[in-house]
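First up is the structure itself, then whatever we jot down about it.
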Amino acid sequence: MDGLEEAAASFFEDGLQASGGRFMPRPRQTAMARRIARAIEDGGRYIFEAGTGVGKSLAYLIPSILSGRKTIVSTATLTLQDQLFEKDIPDAAALLSRTFGWAVLKGRGNYLCLRKWRASHGSEIPEEIQAWASGTLTGDFSEMPGEPDAAALARIRSDSLDCLGSACPERSSCFLLKARAEARRADLLVVNHHLLITASQEEDILPESEILVVDEAHRLEDAAAECMGLTLSAGMMLPVIDGIAWSDAPVSSKASHLSSARELMASIEDLLGREPGTAFWSPLEHGRELEAVSSEAASLAAAMAGDEGLAGPAAACRGIAAACDGLMTLPSEGNCVFRETNGGRPRIRAVPLEPGRLIESEVFSLFPVVVATSATMSVGGSFAYTAGRLGLEELDGEGDFGSPFDYADQAVLTCPPDLPDPDDHQALAGTAWRWGEELSSVLGGRTMLLFTSNRNLQMTAGNARSSPPPGLRILVQGEGSRRLMLESFREDPRAVLLGTASFWEGVDLPGDILQALVIDRLPFPSPGHPLTAARMRAIDEDGGSSFMSLMLPSAVIRLRQGVGRLIRSSTDRGVVVILDRRLGASSYGRLILRSLPAFRPVDPAGAMDFARSIAGARDGGNP
Ligand code: SF4
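All residue numbers for the sequence shown refer to our numbering, where the first residue is 748 and numbers rise by one.
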């Protein structure tokens, strides 16, 4: 055994005693930490899967810290970043009794831009944001309690479009620059996937580091697709308009610049159209309009040049011109350009079809050691799909550390017979609510229904509202923020939660808060989405099978995420119902079932019996 592996093993086998019982040795965690220690010593690219309950954060933090090498940990969300920074790393530091510096760095849009904040004179910014902005020491928006007005924050946040960087008069107090300086000094830095991708393409943001740990690695591809592409929207004009309006420019030139900026915004709106929906968009067909917008933006930037107070809006205009030029010169091969409406506002996105190649060449290649980890990366026991999507085809090692939970004892899975066609939304919504109603009635709430489309969600919500189970509360996604809905669900066990999209991941409800999960369909990506369609076509034209190498593995990973909401600790128990008849009737159904946790398969009556036994045990009756 090598030195680092030995040190990591002895920490997990003996050192955890120092926690006074707060942390207990876990064989899978020790095995994972040892494997990561070996990976650090050997160098190279690794994929390690660790299911819920393994304790993967400590398993990668401890060997990384013990190695004494600079490390970057990237995770998927701001919440997970904060959890690592505020809980997991301080825990590791206390257990190791070691001094090392750690820091968290978020994307620039999470920090208050002092230049814009001062220029705004606070006039149009809600009072609670003004009060926070006047006293903050970090400028990190996540410090603000409640749910601050997102539109107001957007006006005073740091934005690469109009940031003046070293030319900024506020640079010595700039929160973003201070956070970046702290990040460069840290031995262990926590970032998120979006920042990892964008910062890797710029100099001097991330410290030179030897180890990169990508946690929640199954989400890196989406982040890369978003950050490595191009975006054009009318909203990009807001910092220009605010910047001019808030500047000290003479009244006459201010009025003229504002009028030009509004005209430019209208030109972008005309170019993008106003109708809702997502569809392919051809830069070639819109070449003349793109050229016109580009030159309008460049002219406005030139008109503002020379006025120091207008440097921000001028930079933003140059960014818009560059986005138009980028769209016009983008190679059609290997990219997908589409128009979508985001929160009702249209935008054009150009996305690489295979971000994995770029992830490898622009991010992973910067690190001698890359460890990608997550609870859900394998499909039927193979990492080929995830490795391919992340550009990790040349792996130096892989491993699956499983989960300590006894899924067959803790949960049952049923896929009822006689299910409707998955495309018969009306019938599916009826079936989904029948199951939701029956399970929640037996369990006294504690039921979550996950949907693959907003249509199915809304139809089922309609059914739920027309026959609400007595004494139970129905929570439907969209009726409040995700955070508030989860808080309500946590605080009121007599609730049934209906959710889609973001509720498939990152929902952690241990104990008896959640005891039944109903899933409407197998979560295949929508083949109607331009990006999915373009990726499918590229694979098929290359002689491959888009179903086997993209649609199916993607659905498996998503389904694993969804069912993973149910069992979060070794004492949790619950029922999973999947209402997609393809699970039992198709040849690929077996692969899907093999990829899921080993829930005990039962028929519908068995599922209801299990629900009754859970309710009985929970309420102190005879199970
Ligand atoms: S350096 Fe950029 S982010 Fe910082 S205050 Fe100046 S403009 Fe804002």
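Backbone N, C-alpha and C define an ideal beta-carbon position, used for all residues, glycine too.
Kindly indicate which three-state DSSP category residue i falls into: helix, strand or coil?
i                 : result
glycine 882       : helix
tyrosine 696      : One cannot answer for residue 696 here, as it falls past the ends of the chain, which runs 748 to 1370.
leucine 977       : strand
serine 1121       : strand
isoleucine 1339   : helix
threonine 1194    : strand
alanine 992       : helix
alanine 1052      : coil
proline 1099      : strand
glutamate 949     : coil
alanine 797       : coil
glycine 1081      : coil
phenylalanine 770 : coil
valine 987        : helix
valine 1126       : strand
arginine 904      : strand
phenylalanine 922 : helix
glycine 1138      : coil
aspartate 838     : helix
arginine 1065     : helix
isoleucine 1260   : coil
arginine 1035     : helix
glutamate 752     : helix
Less than 7 Å between the C-beta atoms of residue i and residue j, yes or no?
i              : j                  : result
leucine 1264   : methionine 1195    : yes
aspartate 1239 : glycine 791        : no
serine 1228    : glutamate 894      : yes
proline 813    : alanine 754        : Looking at the sequence provided, one finds leucine at residue 813 rather than proline. Cβ atoms of leucine 813 and alanine 754: closer than 7 Å.
alanine 1061   : alanine 1044       : no
leucine 1278   : isoleucine 1286    : no
leucine 1313   : threonine 1247     : no
leucine 1166   : tryptophan 1251    : no
histidine 940  : isoleucine 1304    : no
leucine 1047   : leucine 1018       : no
leucine 967    : valine 960         : no
leucine 1074   : proline 1030       : yes
leucine 908    : glycine 1090       : no
glycine 1146   : phenylalanine 795  : yes
alanine 1354   : valine 1322        : yes
alanine 786    : valine 1118        : yes
proline 1148   : methionine 771     : In the sequence as displayed, the identity of residue 1148 is phenylalanine instead of proline. Their beta carbons are not under 7 Å apart, which means phenylalanine 1148 does not touch methionine 771 by this criterion.
alanine 971    : isoleucine 1106    : yes
alanine 1208   : leucine 1175       : no
alanine 1122   : phenylalanine 1346 : no
histidine 1172 : methionine 1124    : no
Residue i and residue j look like a contact to me (Cβ under 8 Å); what is the Cβ gap, rounded to whole Å?
i               : j                  : result
serine 920      : leucine 861        : 6 Å
lysine 803      : leucine 942        : Actually they do not touch by this definition, with Cβ atoms about 21 Å apart.
isoleucine 1095 : threonine 978      : 7 Å
proline 1348    : tyrosine 1154      : With 8 Å as the limit, proline 1348 and tyrosine 1154 do not qualify as a contact, their Cβ atoms being about 11 Å apart.
glycine 800     : phenylalanine 1152 : 5 Å
alanine 756     : isoleucine 783     : Not really, about 11 Å apart at Cβ, beyond 8 Å.
alanine 930     : proline 954        : 7 Å
isoleucine 1266 : isoleucine 1339    : Their Cβ separation, rounded to whole angstroms, is 12 Å, which puts isoleucine 1266 and isoleucine 1339 out of contact at 8 Å.
leucine 924     : glycine 886        : The pair is not a contact, with the Cβ atoms about 10 Å apart (cut-off 8 Å).
Please name the residue or residues paired with residue i in a DSSP beta bridge.
i                  : result
leucine 936        : Ile819 and Ala850
arginine 1094      : Ser980 and Glu1087
arginine 792       : Val1117
tyrosine 858       : Asp887
leucine 1244       : Met1195 and Leu1222
valine 1324        : Thr1161 and Val1265
valine 961         : Ser821 and Ala1119
proline 1348       : Leu1160
aspartate 1147     : Glu796
phenylalanine 1027 : Phe1085
How would you label residue i, buried or exposed, when you count the other beta carbons within 10 angstroms and need 16 or more for buried?
i             : result
proline 1274  : exposed
arginine 1086 : buried
leucine 1190  : buried
serine 766    : exposed
proline 1427  : There is no way to answer for residue 1427, as the model of the chain reaches only from 748 to 1370.
serine 956    : buried
glycine 1218  : exposed
valine 998    : exposed
proline 1093  : buried
proline 892   : exposed
Taking only heavy atoms of ligand 2 into account, decide whether any of them is closer than 6 Å to the Cβ of residue i.
i             : result
cysteine 1064 : Ligands displayed in this structure: ligand 1; ligand 2 is not among them.
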